[in-house]
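All remarks here apply to the structure that follows.
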Amino acid sequence: MKVCLLQLLLNLALGSSRSTEQMALFTVRNYSVACAGIQGGKCPDGKVTMLYNMLGSGLSILKSHRLELPPAVSFRVVTGSTGTHAENAICIARSHPSKRCIMVPNPYFGDLRKWEAAQNEVVQQNRPWSRKKAQAFYRGDCASSAESRFSLISIDSYLLDVGWLNSATETCLKKFARNEEELRLHLQKRKKALPESQFTKYRYLLNMPGSSAGSYSRHLNNIWNKGSIVVMWQNSAVEWYYDALVENVTHITVNKQNILKMLEDLNSWPTAKLLELAGNAYKVYVERLSADSIALQWYKVLLHVNNQKRGDDEPHPLLTL
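Numbering-wise, the sequence shown is residues -19 to -1, 1 to 302 according to mature numbering (1 follows the signal peptide of the UniProt record, and there is no 0).
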């Protein structure tokens, strides 16, 4: 009965005729949340747990800072990687800037205090720039929208230490291979996952576009604080903290045509300039990906949702769209 009532309340609150039966429903403090997956479908259980832990720990952090939480509200979070055009919807990413959903932190942080503690532990294992390999590192799974990953891993160069995870299946790789020989080469490029502490061995850490099933957001969460330069594959997708990113200041952007030239150029730069880039990447982690910063983003979104429920369609002044 309680779940049925929650479904009814969420349908009314969300102003949608779409049934919430396919959505995962949970309550954190006084906030009722519906977790929707791709195209409004089922939200994977793992994402539900991480979203629940992130929101719960975020609210606890806000309370510890004596911030008055907004009144109870019901809302839906779209956890697919493409977002939605609906301006009042809540999403974790937009696949294109034309989409206007309100972005919240992706669920992969989980419990924010545990996230920050784990990251601080990894940071302590960082190594000096002179001991980092002058290569770009990437490991990724094969999933839908893995065309860019396939293009990257097709490149053979001493400047790259890239490969598929062992979990990449032959069936998936076959979707992108042009022939049996190319498939064979990519099957040989499957490698074991490296622990996060090993990311610090590399001067350049690559992030690739693709579906969240291929760990796009999760991987990016974890590379800003490794004392390395973040290299992002050209892509139109954005997340909630991208307003803090400045090309050639916080990160470098590459594509299939220019990645090797860009890496060659970087390796010729003065060490001071490279360290400045790596330092700016670390600032992104400190200023936007700390537990307090993530909790604050949730606070802004909850204020905005509360304004909506009161009939105010204008974005909350604290919320950057």
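Backbone N, C-alpha and C fix where the C-beta goes; we use that ideal spot for every residue, glycine too.
A quick note: this is a predicted structure, and the numbers were derived from the prediction, not measured.
Task: Cα-Cα separation between S13 and F7, rounded to whole angstroms - done: Translated into positions along the sequence shown, residue 13 becomes position 32. Translated into positions along the sequence shown, residue 7 becomes position 26. Their backbone Cα atoms lie some 6 Å apart in a straight line.
Open item on the list: For F118, would you say it is in contact with chain D, using Cβ-to-Cβ distances shorter than 8 Å as the test?
Closed with: Given the protein chain composition of this structure (a single chain), no chain D is represented.
Open item on the list: Starting from D26, trace the alpha helix (DSSP H) in both directions and tell me its first and last residue.
Closed with: The residue you call residue 26 lines up with position 45 of the sequence shown. Run containing D26: D26 to S45, per the alpha helix (DSSP H) assignment.
- [ ] Can you say whether D224 is buried or exposed, counting buried as having 16 or more other CB atoms within 10 angstroms of its CB?
- [x] As a first step, residue 224 must be located in the sequence shown, where it is residue number 243. Exposed.
Open item on the list: So for N188, helix, strand or coil by DSSP?
Closed with: Locating residue 188 in the sequence shown gives position 207, where the first residue counts as 1. Strand.
- [ ] Spell out the partners DSSP gives C72 in its beta bridges.
- [x] Position 91 of the sequence shown holds residue 72. Partner(s): V59 and M84.
Open item on the list: Suppose contacts are defined by Cβ-Cβ distances below 8 Å. Is I210 in contact with L258 by that definition?
Closed with: Looking up residue 210 in the sequence shown gives position 229. Looking up residue 258 in the sequence shown gives position 277. In contact: I210 and L258 (Cβ atoms closer than 8 Å).
Task: Proximity to T125 [Cα-Cα], best of S111, A74 and T63 - done: Looking up residue 125 in the sequence shown gives position 144. Sequence check: residue 125 is Ser here, not Thr. Shortest Cα-Cα distance from S125 to any of S111, A74 and T63 involves T63.
Task: Simplified DSSP assignment, three categories, for L247 - done: Taking the first residue of the sequence shown as position 1, residue 247 is located at position 266. The three-state secondary structure of L247, taken from DSSP, is helix.
Open item on the list: Run through the DSSP bridge pairs and tell me what W221 is partnered with.
Closed with: Position 240 of the sequence shown, counting from 1, holds the residue named residue 221. Per DSSP, W221 has no beta-bridge partner at all.
Open item on the list: At the level of alpha carbons, what is the spacing between E228 and G39?
Closed with: The residue given as residue 228 occupies position 247 in the sequence shown. The residue given as residue 39 occupies position 58 in the sequence shown. C-alpha separation (whole angstroms): 29 Å.
- [ ] Assuming residue 380 contacts A218 (C-beta within less than 8 Å), just tell me the rounded distance between them.
- [x] Residue 380 is absent from the structure shown; the chain starts at -19 and stops at 302.
TODO: Count the other CB atoms, across all protein chains shown, that sit within 10 Å of the CB of A98; report buried if there are 16 or more and exposed otherwise.
DONE: Here residue 98 is taken as the residue at index 117 of the sequence shown, counted from 1. Only exposed fits A98, as fewer than 16 other CB atoms lie within 10 angstroms of its CB.
- [ ] Inspect the beta-carbon positions of L201 and N216 and report whether they are closer than 8 Å.
- [x] Here residue 201 is taken as the residue at index 220 of the sequence shown, counted from 1. Here residue 216 is taken as the residue at index 235 of the sequence shown, counted from 1. In this structure, L201 keeps its C-beta atom at 8 Å or more from the C-beta atom of N216.
- [ ] Could you check what DSSP says for E228 in three-state terms: helix, strand or coil?
- [x] Position 247 of the sequence shown, counting from 1, holds the residue named residue 228. Collapsing the DSSP output to three states places E228 in a strand.
TODO: Write down every uninterrupted run of the alpha helix (DSSP H) in the segment 142 to 186 whose length is 4 residues or greater and which is fully enclosed by it, in chain order.
DONE: Scanning the segment 142 to 186 for uninterrupted alpha helix (DSSP H) segments of 4 residues or longer gives 151 to 155 and 161 to 168, listed from N- to C-terminal end.
Task: C-alpha distance - Y89 paired with T252, whole-angstrom precision - done: Start at 1 with the first residue of the sequence shown, and residue 89 comes out as number 108. Start at 1 with the first residue of the sequence shown, and residue 252 comes out as number 271. Note on geometry: alpha-carbon atoms of Y89 and T252 lie some 33 Å from one another.
TODO: Answer yes or no: do W145 and C123 have a C-beta to C-beta separation smaller than 8 Å?
DONE: Along the sequence shown, read from residue 1 onward, the residue named residue 145 stands at position 164. Along the sequence shown, read from residue 1 onward, the residue named residue 123 stands at position 142. Taking 8 Å as the cut-off, the Cβ atoms of W145 and C123 count as close.
- [ ] Mind reading off the beta-carbon distance from L154 to A117? Whole number of angstroms is fine, and I expect it under 8 Å.
- [x] If you number the sequence shown from 1, residue 154 lands on position 173. If you number the sequence shown from 1, residue 117 lands on position 136. Contact between L154 and A117 is ruled out by a C-beta separation of about 21 Å, above the 8 Å threshold.
Open item on the list: If you measure between the beta carbons of Y263 and W205, is that distance less than 8 Å?
Closed with: Here residue 263 refers to the residue found at position 282 when the sequence shown is read from its first residue. Here residue 205 refers to the residue found at position 224 when the sequence shown is read from its first residue. Y263 is a Cβ neighbour of W205, given a cutoff of 8 Å.
Open item on the list: Three or more C-beta pairs under 8 Å: does that hold for the segment 49 to 56 against the segment 22 to 38?
Closed with: Per the Cβ contact rule, the segment 49 to 56 is not in contact with the segment 22 to 38 (fewer than 3 Cβ pairs under 8 Å).
Open item on the list: Would K254 and K182 be called neighbours here (beta carbons separated by less than 8 Å)?
Closed with: Residue 254 sits at position 273 when you count from the first residue of the sequence shown. Residue 182 sits at position 201 when you count from the first residue of the sequence shown. It is not a contact, given that the beta carbons lie outside the stated cut-off.
TODO: Would you decide whether P86 is buried or exposed? Buried here means 16 or more other CB atoms lie within 10 Å of its CB.
DONE: Indexing the sequence shown from 1 puts residue 86 at position 105. Counting the other Cβ atoms within 10 Å of the Cβ of P86 gives 16 or more, which makes it buried.
Task: Whole-number beta carbon distance between S76 and W214, since they are thought to touch under 8 Å - done: Counting from one through the sequence shown, the residue named residue 214 turns up at place 233. Counting from one through the sequence shown, the residue named residue 76 turns up at place 95. That belief does not hold up - the Cβ atoms of W214 and S76 are roughly 14 Å apart, past 8 Å.
Task: Beta carbon of V212 nearer than 8 Å to that of V235 - done: The residue given as residue 212 occupies position 231 in the sequence shown. The residue given as residue 235 occupies position 254 in the sequence shown. V235 sits close to V212, with the two beta carbons spaced by under 8 Å.
- [ ] Under 8 Å by Cβ, that's how I've got G43 and S138 pegged, so tell me the actual separation to the nearest angstrom.
- [x] Taking the first residue of the sequence shown as position 1, residue 43 is located at position 62. Taking the first residue of the sequence shown as position 1, residue 138 is located at position 157. A small correction: the amino acid at residue 43 is Leu; Gly does not occupy that position in the sequence shown. Wrong, their Cβ atoms sit about 47 Å apart, outside the cutoff.
- [ ] With a cut-off of 8 Å on the beta carbons, I'd call Y33 and V59 a contact; round off their distance for me.
- [x] Numbered from 1 along the sequence shown, position 52 holds the residue referred to as residue 33. Numbered from 1 along the sequence shown, position 78 holds the residue referred to as residue 59. Going by Cβ atoms, the distance from Y33 to V59 rounds to 16 Å, so no, they are not a contact pair.
Task: Cα-Cα separation between G121 and C82, rounded to whole angstroms - done: By one-based count along the sequence shown, residue 121 stands at place 140. By one-based count along the sequence shown, residue 82 stands at place 101. Their Cα atoms are separated by approximately 27 Å.
Open item on the list: Suppose the cutoff is 6 Å on Cβ atoms and the five residues either side in sequence are ignored; what does the same chain contact list for L(-6) look like?
Closed with: Numbered from its first residue, the sequence shown carries residue -6 at position 14. Because the pLDDT at L(-6) is just 43, under 50, the model does not fix this residue reliably, and the value given afterwards should be weighed accordingly. If we look at L(-6) and ignore the five residues flanking it on each side, its Cβ neighbours are R57.
TODO: Would you mind giving the Cβ-Cβ distance between V282 and E177, rounded to the nearest angstrom? I have them listed as a contact below 8 Å.
DONE: Mapped onto the sequence shown, residue 282 falls at position 301. Mapped onto the sequence shown, residue 177 falls at position 196. Contact between V282 and E177 does not hold, since the beta-carbon distance rounds to 28 Å and is not under 8 Å.
Task: Span of the alpha helix (DSSP H) around L284 - done: As a first step, residue 284 is located in the sequence shown; it is residue number 303 there, counting from the start. Run containing L284: A272 to K290, per the alpha helix (DSSP H) assignment.
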